[in-house]
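A.B. asks:
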Amino acid sequence: MSQAQLMRRLGLWSSVAIVIGVTIGSGIFRTPAGIAARVPDPAWMLAVWLIGGLISLCGALSVAELAAALPQTGGWYVYLREGWGRLAAFLFGWSELVLIRASSSGAIATVFSESLLRSLGYDPAQYDGAANYIAAAAIVGAAVINIRGVQVGARFAAVSTVAKFGALALLVAASFLLGGG
598 MSQAQLMRRL
608 GLWSSVAIVI
618 GVTIGSGIFR
628 TPAGIAARVP
638 DPAWMLAVWL
648 IGGLISLCGA
658 LSVAELAAAL
668 PQTGGWYVYL
678 REGWGRLAAF
688 LFGWSELVLI
698 RASSSGAIAT
708 VFSESLLRSL
718 GYDPAQYDGA
728 ANYIAAAAIV
738 GAAVINIRGV
748 QVGARFAAVS
758 TVAKFGALAL
768 LVAASFLLGG
778 G
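Residue numbers for the sequence shown follow the working numbering, beginning at 598 and rising by one.
Given below as structure tokens:
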């Protein structure tokens, strides 16, 4: 039986931008305030972030080990099929399509729409309907970009990764320049 293979259409820098963009995520702009409210000591807050980063690193290294051991097209489907059988892989594939990706796309789009409204001077809580419409438009826009082609999607991912990384660098620099004791 022949193995299905996808054409390699992304280069090194496009792949790096996508991995960094996925790793940074949009939640980084939303969750620190909630963590700071629950862990008011800055040292403990940094410890929470460090522990979370170490846990994430362990997960990333585990997935890298799986990818090296099973370098077939299909990712998680292949890993689950080999470890738990075809039924588990099939069920995960459907839950990924219907639940996991849909909910994460909605969450990312919601963070985007709330951030956009705040940057324009509007309170997202007062304009909940507008935030939902903006989030839906963002999902449709991302779909259209990716339907246009993998290179178009990769360029958009690279631009958004640079924007996220730049915003984080600006926040870190501002905290050191403007922060007090």
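Here a beta-carbon is modelled for each residue, glycine too, at the ideal position from N, C-alpha and C.
Return the CA-CA distance between TRP681 and PHE689, expressed in angstroms with no decimal places.
C.D. replies: Along the sequence shown, one-based indexing puts residue 681 at 84. Along the sequence shown, one-based indexing puts residue 689 at 92. In a straight line, the C-alpha of TRP681 is about 11 angstroms away from that of PHE689.
A.B. asks: If we call anything under 8 angstroms between Cβ atoms a contact, is LEU667 one with TYR676?
C.D. replies: For the purposes of this step, residue 667 is taken as residue 70 along the sequence shown, with counting starting at 1. For the purposes of this step, residue 676 is taken as residue 79 along the sequence shown, with counting starting at 1. A contact, by the Cβ cut-off of 8 angstroms.
A.B. asks: Could you spell out where the alpha helix (DSSP H) holding VAL695 opens and where it closes?
C.D. replies: Taking the first residue of the sequence shown as position 1, residue 695 is located at position 98. Looking at the DSSP string, VAL695 is not in any alpha helix (DSSP H), and its letter there is neither H nor E.
A.B. asks: Hey, how far is the Cα of LEU603 from the Cα of VAL737?
C.D. replies: By 1-based counting over the sequence shown, the position of residue 603 is 6. By 1-based counting over the sequence shown, the position of residue 737 is 140. Between the C-alpha atoms of LEU603 and VAL737 there is a straight-line separation of about 25 angstroms.
A.B. asks: Spell out a yes or no on whether the region 638-650 and the region 765-778 are touching, meaning 3 or more CB-CB pairs, one atom from each, closer than 8 angstroms.
C.D. replies: no
A.B. asks: Would you call ARG678 buried or exposed, if buried means 16 or more other Cβ atoms sit within 10 Å of its Cβ?
C.D. replies: On the sequence shown, residue 678 is found 81 positions in, with the first residue counted as 1. With 16 or more Cβ atoms within 10 Å of its Cβ, ARG678 is classed as buried.
A.B. asks: Could you pull out every residue in the same chain whose Cβ sits closer than 7 angstroms to the Cβ of ASN743, ignoring the five residues on either side in sequence?
C.D. replies: As a working mapping, residue 743 is identified with position 146 in the sequence shown. Taken in chain order, the residues that qualify are GLY750.
A.B. asks: State buried or exposed for PHE687, treating a residue as buried only when at least 16 other CB atoms are found within 10 Å of its CB.
C.D. replies: Locating residue 687 in the sequence shown gives position 90, counting from the first residue. By the 10 Å Cβ count, PHE687 comes out exposed.
A.B. asks: When we look at the beta-carbon of GLU711 and count the other beta-carbons within 10 Å, is it buried (16 or more) or exposed?
C.D. replies: For the purposes of this step, residue 711 is taken as residue 114 along the sequence shown, with counting starting at 1. Under this definition GLU711 is a buried residue.
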